[in-house]
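> For reference, each letter of the sequence shown is one residue, going 230 to 452 in our numbering.
What follows is a structure written as C-alpha cells; I'll ask about it next.
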Amino acid sequence: MLFQVSNETVQFTAVDRRQQYLHTALALFTAHGFHGVSMDQLVAEAGGSKATLYRYFASKEELFEAIIADLGEVTVEQRSGDELDALSVEEGLRAIGNATARAALSEQATVLFRLATGEYNRFPQLAQVLYERGPSVAYARLRAFLAARVAVGELVVDDLQIAAEQFLGGIVGHQQLRRTLGHDAPDPTAVAARVEAAVTTFLTVHRHPTPATTGPRRSELRP
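What follows is the structure in C-alpha cells.
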C-alpha cells in the first residue's frame, strides 16, 4: 500500500497502516470527541479505504480499545513475572510504580480518560473498556507480584486489592486528576520522588517483621 508524503512515495506495511489509523483516530477523538468522529472521516484523514479500515477495526469502539492496548504496549515497561521475581521487593515495587506512572500520566492516557468521562452518558462502554484495559490490568499485575512476595514471607498483606490501590493511588491518583483538569505533566523528578515515597510507605506497613523484632534473638533461645 502506498502513501504520498511531500514528493516521495512511501511503502506502507500493514502494521504502519494500522498505526496510522490509531494515531489519526486519537487526534480526531481529541478534537471532536468520540461521538463527533465517523469512520468515513477517519478514512478521509488517514488515507486508505473504508474496506481496509474495517479489516482492522469493525467499529469506533474497537478503535478506542485498540488505542488503549497500544498505550499499554508502547508506554508501559513490560516485565514478566520471572523478571520481577529476580528483583528485590523494593526494586520490583519501584519498577511497577514507575511503569504505571509513565502510562497513567502520559498525554495519550489523559486524552483517553477525558474521552471516556466526557462521553459517559452516550457511550458508558468506553469507560468500562478503559478501566478493564488500563487500571484493572495494572492492579492485576501488582496483585500477582504482591501475592508472590507474601507467599515467600517477605510481605504481610491482608487485602491485595486494597494494598495495590493504595500503592498506585499514592503515585498517580492526584497527579492524574491534575492532568485530566488541564495541568501540565509532572516533572519526572517529582514523579520519581512520589514513587520512592510510595515504596517506603508501603514497606513500612507491609514488610514482614524480622525474627529479631517479633521474638527473642536466636542466641537467647540457647539453654
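By construction, the Cβ of each residue, glycine as well, lies at the ideal position given by its N, Cα and C atoms.
From a predicted model like this one, the values you see are computed outputs, not experimental measurements.
In terms of DSSP beta bridges, what is residue 436 paired with?
Locating residue 436 in the sequence shown gives position 207, where the first residue counts as 1. Paired residues: 384.
> Candidates 413, 270 and 247: which alpha carbon is nearest residue 257's?
Along the sequence shown, read from residue 1 onward, the residue named residue 257 stands at position 28. For residue 257, the nearest C-alpha among the options comes from 270.
> What are the boundary residues of the alpha helix (DSSP H) that residue 407 is part of?
Sequence index remark: in the sequence shown, residue 407 carries index 178 (1-based). Its alpha helix (DSSP H) spans residues 403-409.
> Would you mind working out which of 354, 259 and 399 sits nearest residue 323, comparing C-alpha positions?
Mapped onto the sequence shown, residue 323 falls at position 94. Among 354, 259 and 399, the Cα nearest to that of residue 323 belongs to 399.
> Suppose only complete runs of 4+ residues qualify. What are the alpha helix (DSSP H) ranges in the region 344-379, listed by chain order?
Complete alpha helix (DSSP H) runs here, min 4: 353-362.
> Under the rule that 16 or more other beta-carbon atoms within 10 Å means buried, what is residue 350, buried or exposed?
Here residue 350 is taken as the residue at index 121 of the sequence shown, counted from 1. The residue in question, residue 350, is exposed, as its Cβ has fewer than 16 Cβ neighbours within 10 Å.
> Please report how far the alpha carbon of residue 198 lies from the alpha carbon of residue 423, in whole angstroms.
In the structure displayed, the chain extends from 230 to 452; residue 198 sits before or after that span and is not available.
> Could you give the distance in angstroms between the alpha-carbon of residue 358 and the alpha-carbon of residue 344?
Along the sequence shown, read from residue 1 onward, the residue named residue 358 stands at position 129. Along the sequence shown, read from residue 1 onward, the residue named residue 344 stands at position 115. Looking at the two C-alpha atoms, the distance is approximately 12 Å.
> Based on Cα-Cα distance, which residue from 364, 361, 437 and 251 lies nearest to residue 275?
The residue you call residue 275 lines up with position 46 of the sequence shown. Nearest of 364, 361, 437 and 251 to residue 275, Cα basis: 251.
> Let me confirm a value: residue 412 is counted as buried when at least 16 other C-beta atoms fall within 10 Å, else exposed. Which label applies?
Within the sequence shown, numbered from 1, the residue matching residue 412 stands at position 183. That one is exposed.
> Rounded to the nearest angstrom, what separates residue 320 and residue 285 at their Cα positions?
If you number the sequence shown from 1, residue 320 lands on position 91. If you number the sequence shown from 1, residue 285 lands on position 56. For residue 320 and residue 285, the distance between alpha carbons rounds to 39 Å.
> Leaving out five residues on either side along the sequence, give the residues of the same chain with a beta carbon under 8 Å from the beta carbon of residue 486.
Nothing can be reported for residue 486: it is not among the residues displayed for the chain, which extend from 230 to 452.
> Identify whether residue 286 lies in helix, strand or coil by the three-state DSSP scheme.
Here residue 286 corresponds to residue number 57 of the sequence shown, with the count starting at 1. Looking at residue 286 - three-state DSSP - the assignment turns out to be coil, as it is neither helix nor strand.
> I need the DSSP call for residue 313, collapsed to helix, strand or coil.
Residue 313 sits at position 84 when you count from the first residue of the sequence shown. DSSP places residue 313 in helix when its eight states are reduced to three.
> Can you tell me which of the three DSSP states residue 416 falls into?
Mapped onto the sequence shown, residue 416 falls at position 187. Three-state result, residue 416: coil.
> What number of angstroms, rounded off, separates the C-alpha of residue 266 from the C-alpha of residue 296?
For the purposes of this step, residue 266 is identified with residue 37 of the sequence shown, where counting begins at 1. For the purposes of this step, residue 296 is identified with residue 67 of the sequence shown, where counting begins at 1. The alpha-carbon atoms of residue 266 and residue 296 are separated by roughly 15 Å.
> DSSP three-state call for residue 263: helix, strand or coil?
Taking the sequence shown and counting its residues from 1, the one referred to as residue 263 is at position 34. Residue 263: coil per DSSP, three-state reduction.
> Can you say whether residue 339 is buried or exposed, counting buried as having 16 or more other CB atoms within 10 angstroms of its CB?
By one-based count along the sequence shown, residue 339 stands at place 110. The residue in question, residue 339, is buried, as its Cβ has 16 or more Cβ neighbours within 10 Å.
> What whole-angstrom Cβ distance do residue 361 and residue 355 have, given they're in contact under 8 Å?
Position 132 of the sequence shown, counted from the start, is the residue given in the question as residue 361. Position 126 of the sequence shown, counted from the start, is the residue given in the question as residue 355. Not really, about 11 Å apart at Cβ, beyond 8 Å.
> For the candidate residues 341, 317 and 329, whose alpha-carbon lies nearest to that of residue 260?
Reading the sequence shown from its first residue, position 31 is the one you call residue 260. Measuring from the Cα of residue 260, the nearest candidate turns out to be 341.
> Report buried or exposed for residue 435, applying the criterion of at least 16 other Cβ atoms within 10 angstroms of its Cβ.
What you label residue 435 is simply residue 206 of the sequence shown in a count that begins at 1. So residue 435 counts as buried.
> Let me check understanding here. Comparing Cα to Cα, which of 431, 264, 262 and 292 lies closest to residue 249?
Counted from its first residue, the sequence shown places residue 249 at position 20. Out of 431, 264, 262 and 292, 292 has the C-alpha closest to the C-alpha of residue 249.
> Where does residue 271 fall in DSSP's three states?
Position 42 of the sequence shown holds residue 271. Three-state result, residue 271: helix.
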